[in-house]
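What follows is a set of notes on a single structure, which appears directly below.
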Amino acid sequence: MVMIGVALEAPATGPAEIACTDRFIEFNGLIYKQVPYDQIRSIELLRNYDLKRKGIQEGVEFEHYYNGNADFQTIGRCSAYLYLTHKDYIAIVTADSGTILFNEPTPEITTQMYDYIKNRIDAA
1164 MVMIGVALEA PATGPAEIAC TDRFIEFNGL IYKQVPYDQI RSIELLRNYD
1214 LKRKGIQEGV EFEHYYNGNA DFQTIGRCSA YLYLTHKDYI AIVTADSGTI
1264 LFNEPTPEIT TQMYDYIKNR IDAA
């Protein structure tokens, strides 16, 4: 099993743990989800993307991290697991969970996670 992700604090009080296994992506944060690769309908790497929030957010925001339900102008309502320290994100649309937007602590690690997930989807 290959694990990619970072856990800096407990999921309820800080960044979610995001792990990629050989069968699914696991999001362990304010919102817990397991997303099998065969349920992902699309994936996109958003580089230097300017997120514009819409309305009141339902998640929890810390100095450098956001975790929870969110609503963005161009993406719409989604589950978000976001480091606020850079503007590279992965957006996936699933068959049953809707849109999930997430990233890792650096753009480089975010790109590595995107590549890994994209390869798993292509292999499924």
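In our numbering, each residue carries its 1-based index in the sequence shown increased by 1163. Glycine included, each C-beta is placed from N, C-alpha and C at the ideal position.
message = Whole angstroms are fine: how far does the CA of residue 1274 sit from the CA of residue 1256?
response = 17 Å
task = Please determine if the stretch 1180-1189 and the stretch 1224-1242 are in contact, where contact requires at least 3 C-beta pairs separated by less than 8 Å.
result = The way I'd put it, the stretch 1180-1189 doesn't touch the stretch 1224-1242; fewer than three beta-carbon pairs between them come closer than 8 Å.
query = Can you list the beta strand (DSSP E) stretches of 3 or more residues lying completely in the stretch 1194-1275, in chain order?
reply = If you keep only unbroken beta strand (DSSP E) runs of at least 3 residues inside the stretch 1194-1275, you get 1195-1199, 1203-1209, 1228-1235, 1239-1246, 1252-1257, 1261-1265.
Residue 1197 beta carbon less than 9 Å from that of residue 1188 = A distance below 9 Å separates the beta carbons of residue 1188 and residue 1197.
key: Contact check, residue 1243 vs residue 1231, beta carbons under 9 Å   = Less than 9 Å separates the beta-carbon of residue 1243 from that of residue 1231.
Straight-line gap, residue 1263 to residue 1280 (C-alpha atoms, nearest Å) = 13 Å
task = Give the C-beta separation of residue 1252 and residue 1212 to the nearest angstrom, bearing in mind that I take them to be a contact with Cβ-Cβ under 8 Å.
result = 6 Å
task = Express the C-alpha separation of residue 1200 and residue 1286 in angstroms, rounding to a whole number.
result = 9 Å
query = Per DSSP, which one or two residues make a beta bridge with residue 1284?
reply = Paired residues: none, contrary to the question.
ask   = When the Cα atoms are used, what is the spatial distance from residue 1204 to residue 1225?
value = 30 Å
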